[in-house]
Amino acid sequence: MAPDDLLASIVDAPDRDRCPGARPVVSYRDDDEADYLSMIDARAHERVHLVRRGIDHGWLAELDPPLAPIPGVPENAQLAQRWHTGRPILLRGLVDPRAGFAEEVAARRRLHDELKEPGGLRRFLKAQRSDLEPNYTLQARPGSLYDEERDLERVLVSWVLRPEDPRSPRAKDLWVKSGWLSDREDDESLRMRFSFGREGADDASRDVRRHRRIEELAEMCLPEAALVSDHPRVVGLLESWLGDEVFFTQHIAYWNAPGGGALFHHDALDERAIGGQKGVCYLQLTGSTAWLALSIEDLTRRVIEFAEYLAEGELAWVRESTFRKPEAFAQFIKMTGNFKRVRRELAKPGCGRLGRIVGRGPEFTSLLADAGHALILRAGDVLILPNHGYDCTAMHSVFCASEEPGYALSLAIRESNPPPPPPEEYPGEDPSEGPPRTRRGRGRSSRGRD
Ligand SMILES: [Fe+2]
81 MAPDDLLASI
91 VDAPDRDRCP
101 GARPVVSYRD
111 DDEADYLSMI
121 DARAHERVHL
131 VRRGIDHGWL
141 AELDPPLAPI
151 PGVPENAQLA
161 QRWHTGRPIL
171 LRGLVDPRAG
181 FAEEVAARRR
191 LHDELKEPGG
201 LRRFLKAQRS
211 DLEPNYTLQA
221 RPGSLYDEER
231 DLERVLVSWV
241 LRPEDPRSPR
251 AKDLWVKSGW
261 LSDREDDESL
271 RMRFSFGREG
281 ADDASRDVRR
291 HRRIEELAEM
301 CLPEAALVSD
311 HPRVVGLLES
321 WLGDEVFFTQ
331 HIAYWNAPGG
341 GALFHHDALD
351 ERAIGGQKGV
361 CYLQLTGSTA
371 WLALSIEDLT
381 RRVIEFAEYL
391 AEGELAWVRE
401 STFRKPEAFA
411 QFIKMTGNFK
421 RVRRELAKPG
431 CGRLGRIVGR
441 GPEFTSLLAD
451 AGHALILRAG
461 DVLILPNHGY
471 DCTAMHSVFC
481 ASEEPGYALS
491 LAIRESNPPP
501 PPPEEYPGED
511 PSEGPPRTRR
521 GRGRSSRGRD
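See the structure below:
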């Protein structure tokens, strides 16, 4: 096949995902044919070398021109379809990160360094006391660490509506924590997370009252979150899809650093989907990140496709290094004959037994990129990751794409007036279809929005 035909066959493949607003992204290798590399050179808008936690995931090229709209289908209809099928939604260049919050955004570069120091989180929160008090106060006793390997610090926060009134409504179990994204010495990726109650067990809490307190606390500490939470386009789209007012909670500030990022995971919680967390809104504020993002259904299909290649004898070195024993490979091939079984495995923490496949670079990463599932996010880009439960949620894997750690915010989406969840079991329900149990019990997400 001629090189230009080869590139066109990848970019125009009928089953390729087309995220409205995105530029097409393809993978390539330095030892690809010179003519093919020249075709990429002629169209390359940006290139990214993906390296995460010591694994080389290969090269991506983001191509010009941006994808043309699908003729005859209004863009909002395409976005709605993506929402309801758990596919990522990109709102390219939606936000000007300097509009009104230039100082705050600039200060977050320093905050990344400050949070690494002992007591850095408490010092940051103390510096916000003039905004927080008198309703929000930092508790003197330090909070315990949930993940001894990665967590750095937890600060407990109390809230009271009327400080002078002993009978006033109050909440004593709000918290903010800081932690590394991985336990690798060479990974500087950090996060700062706002939530309440018991970490893990209460992640899926439907207590709107306390979620509202987290919304307020996070937006006082990180006022730039309003760039997305008050954005009429973001709010308008979400409310049109959900048919209810929405609000944002359980904010996470991220610094994805070179060589770091997040492994494949989803942000679904162990709960009935109706009335639960509806997804996550991610805003890149500085630097850039590369993403593999697709619905769990699409990822299931791609894993099955990859298994077929391996079974046909392609990529023999992947088969040899991933499956030491022939029985393990035979089990994998058997599993990939069952769509539901693969989807269920992918929903488990770390993608269960398929973690080694979906984290495999550069071969699996390359397959996903060439199938239209790679995106590059820059300052001002918003990515919405829908969640309708384990069977219909956006899976994602994140890489740093800038030379410096980039700063980003991730906000959980909730309905203001959520309908009550259906009972645990109701007539006609197949009990085997319940969410997969996690290792640490109910309420823990697959990776806790890493
Ligand atoms: Fe996530």
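Taken in order, the sequence shown gives residues 81 to 530; the numbers are from my numbering.
Every residue gets a Cβ at the ideal spot worked out from N, C-alpha and C, and that includes glycine.
Just so it is clear, the structure is predicted and the values come from calculations on it, not from any experiment.
Could you check the C-alpha separation between residue i and residue j for me, to the nearest Å?
{"i": "ARG109", "j": "ASN467", "result": "34 Å"}
{"i": "PRO503", "j": "ALA353", "result": "12 Å"}
{"i": "ARG264", "j": "ARG133", "result": "7 Å"}
{"i": "SER89", "j": "LEU225", "result": "50 Å"}
{"i": "GLU425", "j": "ALA207", "result": "44 Å"}
{"i": "GLY523", "j": "ALA492", "result": "Interpretation of GLY523 is limited by its pLDDT of 34, a score under 50 that renders its predicted location unreliable; the figure taken from the coordinates is listed afterwards. Approximately 15 Å between the Cα atoms of the pair."}
{"i": "ASN336", "j": "PRO406", "result": "38 Å"}
{"i": "ALA93", "j": "SER496", "result": "41 Å"}
{"i": "PRO500", "j": "PHE409", "result": "44 Å"}
{"i": "ASP450", "j": "VAL128", "result": "14 Å"}
{"i": "ALA148", "j": "HIS125", "result": "16 Å"}
{"i": "ALA396", "j": "ASP121", "result": "30 Å"}
{"i": "LEU349", "j": "LEU489", "result": "19 Å"}
{"i": "ASP95", "j": "LEU171", "result": "22 Å"}
{"i": "PRO151", "j": "LEU232", "result": "50 Å"}
{"i": "ILE332", "j": "ASP136", "result": "27 Å"}
{"i": "GLN330", "j": "SER275", "result": "5 Å"}
{"i": "LEU86", "j": "PRO146", "result": "19 Å"}
{"i": "ALA114", "j": "LEU447", "result": "20 Å"}
{"i": "THR165", "j": "ASP461", "result": "21 Å"}
{"i": "ALA342", "j": "VAL185", "result": "22 Å"}
{"i": "LEU205", "j": "GLY393", "result": "56 Å"}
{"i": "GLU75", "j": "LYS428", "result": "Outside the shown range of the chain (81 to 530) lies residue 75, about which nothing can therefore be said."}
{"i": "GLY367", "j": "ARG271", "result": "15 Å"}
{"i": "PRO507", "j": "GLY223", "result": "Low per-residue confidence applies at PRO507: pLDDT is 47, beneath 50, and the placement is therefore not dependable, though the value from the model is reported in the following sentence. The alpha-carbon atoms of PRO507 and GLY223 are separated by roughly 43 Å."}
{"i": "ARG162", "j": "PRO198", "result": "43 Å"}
Check this for me: beta carbons of residue i and residue j, under 9 Å apart or not?
{"i": "ARG209", "j": "LEU218", "result": "yes"}
{"i": "GLU304", "j": "PRO177", "result": "yes"}
{"i": "SER269", "j": "LEU254", "result": "no"}
{"i": "PHE479", "j": "VAL91", "result": "no"}
{"i": "LEU191", "j": "ARG234", "result": "no"}
{"i": "THR369", "j": "VAL422", "result": "no"}
{"i": "ILE464", "j": "LEU365", "result": "no"}
{"i": "VAL360", "j": "VAL175", "result": "no"}
{"i": "VAL314", "j": "PRO498", "result": "no"}
{"i": "LEU236", "j": "ARG250", "result": "no"}
{"i": "TYR216", "j": "LEU297", "result": "yes"}
{"i": "SER118", "j": "PRO442", "result": "no"}
{"i": "ASP97", "j": "ASP347", "result": "no"}
{"i": "GLN357", "j": "ALA306", "result": "no"}
{"i": "GLU483", "j": "PRO338", "result": "yes"}
{"i": "ARG440", "j": "THR402", "result": "yes"}
{"i": "TYR487", "j": "ARG188", "result": "yes"}
Taking only three categories from DSSP, how would you classify residue i?
{"i": "TYR108", "result": "strand"}
{"i": "THR38", "result": "Only positions 81 to 530 of the chain appear in this structure, which leaves residue 38 out of reach."}
{"i": "ASP86", "result": "A small correction: the amino acid at residue 86 is Leu; Asp does not occupy that position in the sequence shown. The answer is helix: DSSP assigns LEU86 an H, G or I state."}
{"i": "PRO454", "result": "Here the sequence assigns Ala to residue 454, which means Pro is not the residue at that position. Note: ALA454 maps to strand in three-state DSSP."}
{"i": "ASN156", "result": "helix"}
{"i": "LEU205", "result": "helix"}
{"i": "CYS99", "result": "coil"}
{"i": "LEU261", "result": "coil"}
{"i": "PRO507", "result": "A caution first: PRO507 carries a pLDDT of 47, below 50, which makes its placement in the model unreliable, though a value can still be read off. Coil, per DSSP."}
{"i": "ARG290", "result": "helix"}
{"i": "ASP136", "result": "strand"}
{"i": "VAL91", "result": "helix"}
{"i": "GLY341", "result": "strand"}
{"i": "ARG352", "result": "coil"}
{"i": "LYS252", "result": "strand"}
{"i": "ASP231", "result": "strand"}
{"i": "ARG242", "result": "coil"}
{"i": "ILE493", "result": "strand"}
Less than 9 Å between CB atoms is the rule here; does residue i satisfy it with respect to chain C?
{"i": "SER320", "result": "You won't find chain C in this structure, because it holds only one protein chain."}
Verify the contact flag: residue i, CB atom, against every heavy atom of ligand 3, threshold strictly below 8 Å.
{"i": "SER320", "result": "Because ligand 3 does not appear in the structure shown, any question about it cannot be addressed here, the ligands present being ligand 1."}
Would you call the region 311 to 326 and the region 429 to 437 in contact, with 3 or more CB pairs under 8 Å?
Between the region 311 to 326 and the region 429 to 437, the count of C-beta pairs closer than 8 Å stays below three; the two stretches do not touch.
Validate contact between the region 450 to 466 and the region 370 to 379 using beta carbons, cut 8 Å, 3 pairs
yes
Considering only residues of the region 301 to 337, which uninterrupted alpha helix (DSSP H) runs meet the minimum length of 4 residues and lie entirely inside it, listed in chain order?
306 to 309 and 312 to 322
Spell out a yes or no on whether the region 102 to 120 and the region 134 to 147 are touching, meaning 3 or more CB-CB pairs, one atom from each, closer than 8 Å.
yes
May I ask you to verify whether the region 381 to 398 touches the region 458 to 475, counting CB pairs closer than 8 Å and requiring at least 3?
no
Secondary structure, beta strand (DSSP E): runs of 3+ residues fully inside the region 166 to 225:
169 to 171 and 216 to 222
Pick out the complete alpha helix (DSSP H) segments inside the region 434 to 491, 4 residues or longer, and give them in chain order.
435 to 438 and 443 to 450
Measuring CB atoms only, is the region 292 to 311 touching the region 245 to 262, in the sense that at least three cross pairs come out at less than 8 Å?
yes
List, from N- to C-terminal side, the beta strand (DSSP E) runs of 3 residues or more that fit wholly inside the region 354 to 402.
359 to 364 and 368 to 375
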